[in-house]
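Enquirer:
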Amino acid sequence: MRVLVTGAAGFIGSHVSAALLDRGDEVVGFDNLNAYYDPTLKHARLERLESRDGFQLVRGDLADADAVGVAFERPPDRVVHLAAQAGVRYSLTNPRAYVDSNVTGTLNVLEACRHRGTDHLVFASSSSVYGANTAMPFSVHHNVDHPVSIYAATKKANELMAHTYSHLFGIPTTGLRFFTVYGPWGRPDMAAFLFTRAIVEGRPIDVFNEGRMRRDFTYIDDIVEGVVRVLDRIPVPDTAWTGDAPDPASSTAPYRLYNIGNNSPVQLMDFIGAIEKALGRTAELNLLPLQPGDVPATYADVDDLVRDVGFSPATPIDVGIERFVAWYREYYGA
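The working numbering applies: residue 955 is where the sequence shown begins, and numbers increase by one.
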């Protein structure tokens, strides 16, 4: 197939692009290589893709409808929309960047899919949409109307927009709520990277909520496996759906939502302990209160994912962290 992957220079996007190339698909990558974090890492990810047959990069900004149109000039069979302005804390000070990229950008992708007859759009949502929810594990069948960050609000908006296009124009769309992704080539603003770098450099690490956090840390290979399997499962209308008791996870339109998480929350202090063990060093902790926009715990219910595509993420935290630290040492010569 010909697959368009937005955010192809990003952490998840580069891994998904490589997996699609591995199975023989043609991949068109779309990315603006912005400076939210060091573009050097993004270029390094791209170099690994551009050296392979079947990969083409279109450089452009999601908020630019004309640039998105260039990526659709040869219509892709399917689209994996991963590009977004990421980060919860950054959204507190730069909310407009999230609306431009995540809302306007996703609208441009939906419009292009509508006019180019895309077979299936798979798009990245986030566990952040669960916001103030406290019922665990988080289920796609739960209501998620109480986001606690602008980032989360834009991701919920993406789900609503996708459903609307599925309803109005029959475009099959599937949203994937990712839970705290980590692994080789990961983002420098994420916990595994921040903690590893600080420990290697002998600096204290900031530990929010004084370490009383639980996260459903999910290894990148599990995320990629889930994305590819879902991409191959085009949603159809749910004949059992009713407006009298609306299920948020499906619809009378060809629309579906899934969680992709490890289904096994880890205490933040245990996560730090795994990094310490892999590095052979002890971290100096700077204990801080819970930050605005953060939630104390995440935990994914993946029953629907298992039922529909036969897959459940399961990489143990010690295995995933060991692989990440090995990559970090090699890439940075640490």
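All C-beta atoms in this analysis are idealised placements derived from N, C-alpha and C, irrespective of residue type, glycine included.
Can you grab the Cα-Cα spacing for the pair residue 1167 / residue 1007, in whole Å?
Expert: The residue labelled residue 1167 in the question sits at position 213 within the sequence shown. The residue labelled residue 1007 in the question sits at position 53 within the sequence shown. Their Cα atoms are separated by approximately 43 Å.
Enquirer: Please report the distance separating the alpha-carbon of residue 1065 from that of residue 1057.
Expert: Sequence index remark: in the sequence shown, residue 1065 carries index 111 (1-based). Sequence index remark: in the sequence shown, residue 1057 carries index 103 (1-based). Cα-Cα distance, rounded: 12 Å.
Enquirer: Would you please state the rounded distance, in angstroms, between the beta carbons of residue 1083 and residue 1106? I believe it to be under 8 Å.
Expert: Start at 1 with the first residue of the sequence shown, and residue 1083 comes out as number 129. Start at 1 with the first residue of the sequence shown, and residue 1106 comes out as number 152. Yes, residue 1083 and residue 1106 are in contact; Cβ-Cβ is about 5 Å, under 8 Å.
Enquirer: Name the DSSP beta bridge partners of residue 1132, please?
Expert: For the purposes of this step, residue 1132 is taken as the residue at position 178 of the sequence shown. Bridge partners of residue 1132: 1080 and 1214.
Enquirer: Is residue 983 helix, strand or coil by DSSP?
Expert: Counting from one through the sequence shown, the residue named residue 983 turns up at place 29. DSSP places residue 983 in strand when its eight states are reduced to three.
Enquirer: Compute the Euclidean distance between the alpha carbons of residue 1010 and residue 1241, then round it to the nearest angstrom.
Expert: The residue labelled residue 1010 in the question sits at position 56 within the sequence shown. The residue labelled residue 1241 in the question sits at position 287 within the sequence shown. Computed Cα separation, rounded: 45 Å.
Enquirer: Determine the closest residue to residue 1243 out of 1255, 1161 and 1256, with distance taken between C-alpha atoms.
Expert: By 1-based counting over the sequence shown, the position of residue 1243 is 289. For residue 1243, the nearest C-alpha among the options comes from 1161.
Enquirer: Tell whether a beta-carbon distance below 8 Å holds between residue 1129 and residue 1113.
Expert: Counting from one through the sequence shown, the residue named residue 1129 turns up at place 175. Counting from one through the sequence shown, the residue named residue 1113 turns up at place 159. In this structure, residue 1113 lies closer than 8 Å to residue 1129 by Cβ.
Enquirer: Taking a contact to mean a Cβ-Cβ separation below 8 Å, would you say residue 1185 touches residue 1022 in this structure?
Expert: Residue 1185 sits at position 231 when you count from the first residue of the sequence shown. Residue 1022 sits at position 68 when you count from the first residue of the sequence shown. The answer is no: Cβ separation not under 8 Å.
Enquirer: So, using beta-carbon positions, are residue 1132 and residue 1177 closer together than 8 Å?
Expert: In the sequence shown, the residue the question calls residue 1132 occupies position 178. In the sequence shown, the residue the question calls residue 1177 occupies position 223. Yes. Within cutoff.
Enquirer: Entirely within the segment 1122-1178 and at least 3 residues each: give me those beta strand (DSSP E) ranges in chain order.
Expert: You should have 1127-1132 and 1159-1161.
Enquirer: Would you mind working out which of 1086, 1205 and 1149 sits nearest residue 1246, comparing C-alpha positions?
Expert: Here residue 1246 refers to the residue found at position 292 when the sequence shown is read from its first residue. Checked all of 1086, 1205 and 1149; the closest Cα to residue 1246 is 1086.
Enquirer: Considering only the alpha carbon of each residue, which of 966, 1159 and 1221 lies closest to residue 1238?
Expert: Counting from 1 along the sequence shown, the entry for residue 1238 is found at position 284. Out of 966, 1159 and 1221, 1159 has the C-alpha closest to the C-alpha of residue 1238.
Enquirer: With H, G and I counted as helix, E and B as strand and the rest as coil, what does DSSP make of residue 1058?
Expert: Within the sequence shown, numbered from 1, the residue matching residue 1058 stands at position 104. Looking at residue 1058 - three-state DSSP - the assignment turns out to be helix.
Enquirer: Looking at the secondary structure, which residues open and close the alpha helix (DSSP H) in which residue 1236 lies?
Expert: Taking the sequence shown and counting its residues from 1, one reaches residue 1236 at position 282. Careful: residue 1236 lies outside any alpha helix (DSSP H) and carries neither H nor E.
Enquirer: Which residue or residues does DSSP assign as beta-bridge partners of residue 959?
Expert: Here residue 959 corresponds to residue number 5 of the sequence shown, with the count starting at 1. BP columns for residue 959 point to 983 and 1034.
Enquirer: Can you say whether residue 1285 is buried or exposed, counting buried as having 16 or more other CB atoms within 10 angstroms of its CB?
Expert: Position 331 of the sequence shown, counted from the start, is the residue given in the question as residue 1285. It counts as exposed.
Enquirer: Can at least three beta-carbon pairs, one atom from the segment 1093-1110 and one from the segment 1202-1211, be found at a separation below 8 Å?
Expert: Touching, per the Cβ criterion.
Enquirer: How should residue 1101 be labelled, buried or exposed, when 16 other C-beta atoms within 10 angstroms of its C-beta is the threshold for buried?
Expert: The residue you call residue 1101 lines up with position 147 of the sequence shown. That one is buried.
Enquirer: Report the residue ranges of all beta strand (DSSP E) runs contained in full by the segment 995-1045; include only those spanning at least 3 residues, in chain order.
Expert: Listed in chain order, the complete beta strand (DSSP E) runs (minimum 3 residues) inside the segment 995-1045 are 1009-1013 and 1032-1035.
Enquirer: Kindly give me the distance between the Cβ atoms of residue 970 and residue 1030, rounded to whole angstroms, as I take these residues to be in contact under 8 Å.
Expert: By 1-based counting over the sequence shown, the position of residue 970 is 16. By 1-based counting over the sequence shown, the position of residue 1030 is 76. Not a contact, Cβ separation roughly 14 Å.
Enquirer: On the criterion of 16 or more Cβ atoms from any shown chain inside 10 Å, does residue 996 qualify as buried, or is it exposed?
Expert: For the purposes of this step, residue 996 is identified with residue 42 of the sequence shown, where counting begins at 1. So residue 996 ends up on the buried side.
Enquirer: Could you give the DSSP three-state label for residue 1253: helix, strand or coil?
Expert: Along the sequence shown, read from residue 1 onward, the residue named residue 1253 stands at position 299. Three-state result, residue 1253: coil.
Enquirer: Using only CA atoms, which one of 1055, 1035, 1170 and 1028 lies nearest to residue 1041?
Expert: Mapped onto the sequence shown, residue 1041 falls at position 87. Residue 1041 has its Cα closest to that of 1055, out of 1055, 1035, 1170 and 1028.
Enquirer: Assuming the contact rule is C-beta atoms closer than 8 Å, residue 1165 and residue 1233 should be a hit. Round their C-beta distance to whole Å, please.
Expert: As a first step, residue 1165 is located in the sequence shown; it is residue number 211 there, counting from the start. As a first step, residue 1233 is located in the sequence shown; it is residue number 279 there, counting from the start. Not really, about 18 Å apart at Cβ, beyond 8 Å.
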